[in-house]
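See below for the structure under consideration.
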Amino acid sequence: MQQKFRISGIVTLLLLIGLLLRTGALLGTKAYEHPGAWEYGDIAQNIAAGNGFSRVARFSDSLEPTSSHAPLYPYLLAFSYKTTGGAVPLLILQIILSTITILLIHQTALLLFNRTAASISALFICLYPPLIYYSIKLTPTTLFLFLLASTILLILKLNNARRRTAIAAGFTLGLSILCNPVAFSLIPAIILHWIITGRKILKQYIILFVITLLTLIPWTIRNYAVHHSLIPITTQAGVNFWIGNNPHATGTDYYKVSSPEQGDFVLMVETLPRSMKQNLISYTEIERANFFLSEGMKFIKKEPAKFIILLCKKALYFWWFAPLQINGSPDANKYRNFHIVLYLPVLILGLCGVFFSLYHPVNKKAVFITCFIILLSLIYIITHVGLIRYRMPVEIYLMMFGSFTLSRFLHRRFFK
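Numbering (the UniProt record's numbering), first residue to last: 1 to 416.
Pasting the structure below:
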């Protein structure tokens, strides 16, 4: 029987605490003063200035329209720049969305497990420092986690819901992909979920995919008009694939790092020969993308053993932590030991929760989320890893599965 969704007093308290913690972090660190926005900021500044979705790329000597990044976050940042001259409105929005994500994970755990697991999940998401950290940083992480959690919750409710739930799920899935294309990994997981749970409601899933397609079409048309080539979201797949698969590949963005605090590092693209860099300047963005994809495939064919070793390394770095000498994030290195202490129990309890969910009797809804976790991790392992934010979509669901592990222990130890 489907459980009724009610926001209990405990969850309301956790939402309030989560909001206060995130707001306090923003004010306490003064993250609103000159926040770094990297490439997203460059694109957003050009949008706000009337130059469209454009930037000066690494191998370009002029401002040009680009599809190097998913559009949703740069446009939101551009709106913030345009209306207020700064990023404060977007940071406030991120704090709100991060707080709502507490409720979304709570409701998801309630659908999959029980109220104890749901309450523990909400507690973890509320207090988990990396989630607080990313809520006040100008990266798409918080927005993506909110959209992802919304999509997964709506999909889990499809079997017993009205048509509008399928419409909402399709829309949030489309926005998730427009925020981060790795959300494409949800599609095969959704198909598997339909096969094992809901083949009698095919119409709901057709509506979901139609709405998703309609959400993506405008950006795909724009990309075709710019590049005269079919680019669903971004052109970044080629270079990302090469970064993780080339003779100098380390598994991360970096070839080596001496001091991330002082910016003493060598990015993987800097290992290219000078003549090759010069040639890339004259290439179009599509030609550069195809070049990197081709070079990556050549490496795999020439060095299959090294490719396998790199896959193993990247799997380890994704599920654990990349070595300091190839991780150029100052904050990740600064808080590394603290994050390890936090993440280790999340990983252990989460994997135990996955096992308990898939062990007899099988929780079919948990199969869907487990499939998504595997597919998303494979995308990064095949390309490149290293940044902690790549793993955040996995961590929030590991915390949910870990909460199930704890609830099993509590029920068996203290309750009958």
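Even glycine gets a Cβ: it sits at the ideal position worked out from N, Cα and C.
Segments assigned alpha helix (DSSP H), at least 4 residues, entirely inside the region 265-345: 274-281, 285-302, 304-319 and 330-334
Under the three-state DSSP convention, the category VAL56 falls into: As a first step, residue 56 must be located in the sequence shown, where it is residue number 56. Three-state result, VAL56: coil.
Alpha helix (DSSP H) segment containing TYR73, residue limits: For the purposes of this step, residue 73 is taken as the residue at position 73 of the sequence shown. 72-84 is the extent of the alpha helix (DSSP H) around TYR73.
Own chain residues within Cβ distance below 7 Å of PRO232, not counting five before or after: For this step, residue 232 is matched to residue 232 along the sequence shown. LEU216 and THR220, listed in sequence order.
Residue burial classification, TRP320 (beta-carbon count within 10 angstroms, cutoff 16): As a position in the sequence shown, residue 320 is number 320, starting the count at 1. It is exposed - the Cβ of TRP320 has fewer than 16 other Cβ atoms within 10 Å.
Completely contained alpha helix (DSSP H) runs for the region 94-168, where each covers 4 or more residues: 115-127, 129-135 and 141-156
Those residues which DSSP pairs with GLU64 across a bridge: Along the sequence shown, read from residue 1 onward, the residue named residue 64 stands at position 64. Answer by DSSP bridge pairing, in chain order: ARG55.
Cβ shell of SER80 (< 6 Å), same chain only, five flanking positions each side left out: The sequence position of residue 80 within the sequence shown is 80, counting from 1. The residues are ALA87, PRO89 and LEU90.
Spatial neighbours of GLN2 in its chain, beta-carbon cut-off 6 Å, leaving aside the 5 residues before and after: Taking the first residue of the sequence shown as 1, we reach residue 2 at position 2. The predicted model places GLN2 with a pLDDT of 45, which falls under 50 and marks its position as unreliable; any figure quoted below should be read in that light. Closer than 6 Å at Cβ, skipping near neighbours: ASN160.
Local Cβ density within 10 Å of ARG274, reported as buried at 16 or more and exposed below that: On the sequence shown, position 274 is the one that residue 274 refers to. Exposed: under 16 other Cβ atoms inside 10 Å.
Nearest to PRO361 (by Cα), restricted to the options LEU112, VAL269 and LEU349: By 1-based counting over the sequence shown, the position of residue 361 is 361. It is LEU112.
Rounded separation between GLN107 and LEU13 - CA only: Along the sequence shown, read from residue 1 onward, the residue named residue 107 stands at position 107. Along the sequence shown, read from residue 1 onward, the residue named residue 13 stands at position 13. One C-alpha to the other measures close to 15 Å.
Cα-Cα separation, VAL182 to LEU175: In the sequence shown, residue 182 corresponds to position 182, counting from 1. In the sequence shown, residue 175 corresponds to position 175, counting from 1. C-alpha separation (whole angstroms): 12 Å.
The region 360-380 in contact with the region 193-200 per 3-pair CB rule at 8 Å: yes
Neighbourhood of HIS339 by C-beta distance below 6 Å, restricted to the same chain and skipping five residues each side: Position 339 of the sequence shown holds residue 339. Contacts found: none.
DSSP-derived helix/strand/coil call for MET1: Your numbering for residue 1 matches position 1 in the sequence shown. Summary for MET1: the model assigns pLDDT 39, below 50, so the residue's position carries little reliability; its value from the coordinates is reported in the next sentence. Coil at MET1, not helix or strand.
Buried or exposed by the 16-neighbour rule on C-beta atoms within 10 Å, applied to PRO188: Locating residue 188 in the sequence shown gives position 188, where the first residue counts as 1. Exposed, because fewer than 16 other Cβ atoms sit within 10 Å of the Cβ of PRO188.
Local Cβ density within 10 Å of CYS179, reported as buried at 16 or more and exposed below that: To locate residue 179, count along the sequence shown from 1; it is residue 179. Buried is the call here.
Distance between GLU261 and VAL210 (C-alpha atoms, nearest Å): Mapped onto the sequence shown, residue 210 falls at position 210. Mapped onto the sequence shown, residue 261 falls at position 261. VAL210 and GLU261: Cα-Cα distance of roughly 47 Å.
Bridge partners - LYS256, DSSP secondary structure assignment: For the purposes of this step, residue 256 is identified with residue 256 of the sequence shown, where counting begins at 1. LYS256 is bridged to VAL266.
Whole-number beta carbon distance between THR29 and ILE132, since they are thought to touch under 8 Å: Taking the sequence shown and counting its residues from 1, the one referred to as residue 132 is at position 132. Taking the sequence shown and counting its residues from 1, the one referred to as residue 29 is at position 29. Not confirmed; about 10 Å, so no contact.
Close beta carbons around ILE326, own chain, < 8 Å, minus the five adjacent residues each side: Your numbering for residue 326 matches position 326 in the sequence shown. Closer than 8 Å at the Cβ level, and outside the excluded window around ILE326, lie THR250, GLY251, THR252, TYR254, TYR255, LYS256, VAL257 and GLY386.
GLY350 - DSSP class collapsed to helix/strand/coil: Here residue 350 corresponds to residue number 350 of the sequence shown, with the count starting at 1. Reduced to three states, the DSSP call for GLY350 is helix.
Beta-carbon separation (whole angstroms), SER185 vs ILE379, contact threshold 8 Å: Along the sequence shown, read from residue 1 onward, the residue named residue 185 stands at position 185. Along the sequence shown, read from residue 1 onward, the residue named residue 379 stands at position 379. 6 Å between Cβ atoms; contact.
Contact set for residue 440: own chain, Cβ-Cβ below 6 Å, skip 5 residues either direction: Since the displayed the chain opens at 1 and closes at 416, residue 440 lies outside it and no answer follows.
Residue span of the alpha helix (DSSP H) that contains ILE195, given as start and end: Here the question's residue 195 lines up with position 195 in the sequence shown. Where ILE195 is concerned, the enclosing alpha helix (DSSP H) stretches over 186-197.
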